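*Asks:* First residue of the sequence shown? That's 1 in UniProt numbering, and the numbers climb one at a time after it.
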Amino acid sequence: FSGVLSAEVLRALLGLQERLANLTAWAPTAGREVTLRDVCYAPLNPTAPGLGDCCVNSVTQYFQNNSTRLAMTATQSDGEKTGTVDWRDHLIYCVNSPLSFKDITALELSCMAEYGGP
1 FSGVLSAEVL RALLGLQERL ANLTAWAPTA GREVTLRDVC YAPLNPTAPG
51 LGDCCVNSVT QYFQNNSTRL AMTATQSDGE KTGTVDWRDH LIYCVNSPLS
101 FKDITALELS CMAEYGGP
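Dropping the structure here:
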């Protein structure tokens, strides 16, 4: 992995998404400030969505929009070789198995998005 798909770019994307998620705008017809929660698609909690319920499609959802999960590493052995697995291994697994609740790496992270969907 290099260029646009690096840990640094993914961390920057997470920061940008957090800033965008926390934006507010004045809605003159409503007479109040509105937020992402007011306009987002939240399929698993449509009546009272929190920010984590909003369906935001992004590669960072494979890490549930969590920088700690993105930074995780683990030692893994296949019986002959021992190595370190990280975000790259998790991402490759999730691209191939997006409905998995636990990847097959030693990270054992879910591929499901923060809002609960694939």
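Using N, Cα and C, we set each Cβ at its ideal position, and we do this for glycine too. Remember, it's a predicted structure, so these values are computed and weren't measured experimentally.
#1: Looking at the structure shown, is E80 part of a helix, part of a strand, or coil, going by DSSP?
#2: Taking all protein chains shown into account, decide if E114 is buried (16 or more other Cβ within 10 angstroms of its Cβ) or exposed.
#3: For V59, which of G3, C111, T82, T73 has the nearest alpha-carbon?
#4: Determine, using beta-carbon pairs with one atom in the segment 5–24 and one in the segment 53–67, whether at least three such pairs fall under 8 Å.
#5: In whole angstroms, what is the alpha-carbon distance linking G3 and T24?
#6: In the structure shown, what three-state DSSP assignment does A30 receive?
#7: Hey, out of A71, V39, A48, whose CA is closest to R11's CA?
#8: Could you give the C-beta distance for R37 and L51, rounded to a whole number, given that I count them as a contact under 8 Å?
#9: Using DSSP with H/G/I as helix, E/B as strand and the rest coil, what is T47?
#10: Could you check which residue in S97, A48, N66 has the C-alpha nearest to that of A7?
#11: Taking a contact to mean a Cβ-Cβ separation below 7 Å, would you say V85 touches T68 in this structure?
*Replies:* The short version:
#1: coil
#2: buried
#3: Nearest C-alpha to V59 among G3, C111, T82, T73: C111.
#4: yes
#5: Looking at the two C-alpha atoms, the distance is approximately 32 Å.
#6: A30 falls in the coil class under three-state DSSP.
#7: A71
#8: 6 Å
#9: Coil at T47, not helix or strand.
#10: N66
#11: no
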